[in-house]
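Chemist: In this text, residue positions in the sequence shown follow my numbering: the first is 94, and each later residue adds one.
Every residue gets a Cβ at the ideal spot worked out from N, C-alpha and C, and that includes glycine.
Below is one structure. I have some questions about it.
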Amino acid sequence: TSSFSFSNLGGNVINEVVLNLLKAGWAREEILMEHLAPRLQAEIVASTDSGFGRSRLLQEKLIDFFVPFLPLEKQHVRLCTRDAFLSQELLYTEKALDEVAKMMVYVPKEEQIFSSQGCKSIAQRINYFLP
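See below:
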């Protein structure tokens, strides 16, 4: 039996690991689950401040894999924006894609590389560009 659970737990650890690898000259496409999973798993197991961190799933070792999702960069935000326009059968311009990307909040504060929100939050932002 398989079951899946999605969570934002460990997002800061993922951002940290990815940022360090990017600074070291790695391409995003070279980052594998093996680079992220050990730190992510350790962070989630140690997160006793969340309900998930104290759950039976973790205590009884019922989770086989932690699958990290890489953070969105500006180019990915633009793609999500384009997809949001297309899913509503709306026309878009490159300028609109850029404007939505500029509306997003990026972290870490110094580098501002990763969007602090995912694709789901973008759909509501395209309403500013509707006629």
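Just list the residues that DSSP pairs Y221 with in beta bridges.
Modeler: Its beta-bridge partners do not exist; DSSP assigns none.
Chemist: Helix, strand or coil for V200? Go by DSSP, reduced to three states.
Modeler: In the structure shown, V200 sits in a strand (DSSP, three-state: E or B).
Chemist: Three-state secondary structure (DSSP) at F207?
Modeler: strand
Chemist: So, helix, strand or coil for E153, using DSSP?
Modeler: coil
Chemist: For L165, I'd like the list of residues in its chain whose CB is within less than 6 Å of its CB, leaving aside the five on either flank, ordered along the chain.
Modeler: S208
Chemist: With DSSP as the reference, identify every bridge partner of E166, one or two as the case may be.
Modeler: F207
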